[in-house]
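Take a look at the structure set out below.
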Amino acid sequence: MKRTLLASALLALALPASAKIYQFKDWAIACDNIRHCDANGTQAEEGDNPVSLLLTREAGPGGKLSAQLFVDAPDEGKVGKLTLKVGKIKWSGLSPEHAFSPAQTTQLLPAMLDADEVALSDGKRQWTLSLSGLKAALLKMDDLQGRIGTPGALVKKGGKPESTVPAAQAAPLLMPAPPAAARPGDQALLPAILKPLRAMDEECWQEQPEGEQPTADLYRLSASQLLVLLQCGRGAYQNGSKAWISNDAPPFRPRKAKLLNSDGEEGFLVNASFDKGELSSYAKGRGIGDCGGGASWAWTGKAFQLMSEENAPQCRGIAGGVSLRSWVTRQK
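Have a look at this one:
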């Protein structure tokens, strides 16, 4: 793989999996593996001041709907108390990260479905939340949660019993195994492990600037196994790595760690880190970090298992992006 191709790969990894994310104009929606759904709207693409409204709904009959507002100051100044206007609603004294009460959410939703935008102001600045795509996004949410035609549907209500709505699925059980404590001689093993590893992954060395070796970090997993994170490429604002599991004594026999995402496909680690048995990856969609995607895997004593996954698909200036869940687990 040429370095230009690697840069393209790093960019692609920052984008959400198309099978999990649905985008409708200024709104995006994703549902996870237990049928919990998130829908997020922002200012229009050509808009200036960053604003977001995240709607989340739990699965099952009568699933709870909640709404969370996020407002950023474009000049990095402090945002004052906000006044919100949509339809006949006018609310004052909202914080820049306001969690709407159930009663407010019940009032807000029909007003938004009948409007083109939500206006917000702190007296000095104005923000405009676009509602273009909201109805389509919520219709998709109803569809994915099996609510269309029921009284609890957000868009297309009907007379089907609420009991016909599928219940939430059980989250997969994850049993993490605490990694073993590092030993004094662990780091000294790295050069010997890299020799057979290079023979298996020569292209990683070819990706390095002339005369440089790939950066490698070593961690102990168990009494006899080690994790090696091998950095195989660098972009402008992120790096790509591969994870290898090795014996801690000859023959080292490094083998690539199998890291499956929520689609069952193997991923490439971006900006990887390992801490307390958790291997994490987060790829920025662009340098300012207002969008991207990430996942984490837990060490189970034998392998790494997907623990969580989320994507922030909208590059609209919200610091850190607004993440939509695509995978959750329960732990024992």
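Under mature numbering (1 follows the signal peptide of the UniProt record, and there is no 0), the residues of the sequence shown are numbered -19 to -1, 1 to 313, in order.
Every residue gets a Cβ at the ideal spot worked out from N, C-alpha and C, and that includes glycine.
Cβ neighbour criterion (16 or more within 10 Å) applied to residue i
i	result
residue 154	exposed
residue 310	buried
residue 122	buried
residue 95	exposed
residue 232	exposed
residue 23	buried
residue 264	buried
residue 322	This structure leaves residue 322 out entirely; the chain is present only between -19 and 313.
residue -2	Because the pLDDT of residue -2 is 40, which lies under 50, any placement of that residue in the model is unreliable, and the number read from its coordinates should be weighed accordingly. With fewer than 16 other Cβ atoms within 10 Å, it is exposed.
residue 107	exposed
residue 13	buried
residue 1	buried
residue 291	buried
residue 194	exposed
residue 266	buried
residue 19	buried
residue 182	buried
residue 279	buried
Residue i versus residue j - alpha carbon distance
i	j	result
residue 83	residue 136	18 Å
residue 276	residue 282	19 Å
residue 296	residue 274	12 Å
residue 76	residue 61	7 Å
residue 287	residue 8	27 Å
residue 323	residue 129	Missing from the structure shown is residue 323; the chain here goes from -19 to 313 and no further.
residue 17	residue 174	43 Å
residue 307	residue 244	10 Å
residue 222	residue 209	10 Å
residue 93	residue 225	50 Å
residue 168	residue 199	7 Å
residue 254	residue 212	11 Å
residue 144	residue 43	9 Å
residue 262	residue 239	14 Å
residue 79	residue 161	42 Å
residue 73	residue 147	38 Å
residue 229	residue 305	39 Å
residue 294	residue 235	35 Å
residue 184	residue 104	57 Å
residue 133	residue 21	20 Å
residue 59	residue 268	23 Å
residue 186	residue 179	7 Å
Own chain, CB closer than 8 Å to residue i, minus 5 neighbours either side, in chain order
i	result
residue -17	With a pLDDT of 46 at residue -17, under the threshold of 50, the modelled position of this residue cannot be trusted; read the value that follows with caution. Once the five neighbours on either side are set aside, the close Cβ partners of residue -17 are 188, 214.
residue 3	9, 10, 11, 118, 121
residue 15	40, 149, 150, 151, 152, 309
residue 109	24, 25, 28, 30, 32, 98, 99, 100, 101
residue 142	131
Residues near residue i by beta carbon distance below 7 Å, same chain, minus five either side
i	result
residue 241	247, 287
residue 300	53, 271
residue 116	94, 136
residue 86	46, 47, 48
residue 219	-10, 251, 252, 264, 265
residue -13	Residue placement at residue -13 cannot be trusted, given a pLDDT of 46 that sits under 50; the coordinates are not used to answer.
residue 68	92, 95, 96
residue 284	239
6 Å CB neighbourhood of residue i in its chain, flanking five on each side removed
i	result
residue 312	155
residue 66	100
Contact with chain C by residue i, beta-carbon distance below 9 Å
i	result
residue 112	The displayed structure is made up of one protein chain only, and chain C is not part of it.
Exercise. Is it a yes or a no for the segment 47 to 58 touching the segment 23 to 37, going by three-plus beta-carbon pairs under 8 Å?
Worked result: yes
Exercise. Of all the beta strand (DSSP E) runs that stay within the bounds of the segment 64 to 146, which reach a length of 3 or more residues?
Worked result: 70 to 75, 98 to 102, 107 to 111
Problem set entry | Any beta strand (DSSP E) of 3 or more consecutive residues that is wholly inside the segment 254 to 299 | 254 to 256, 259 to 265, 273 to 280, 285 to 293
Exercise. Which residue spans inside the segment 200 to 235 form an unbroken beta strand (DSSP E) run of at least 3?
Worked result: 206 to 215, 220 to 228
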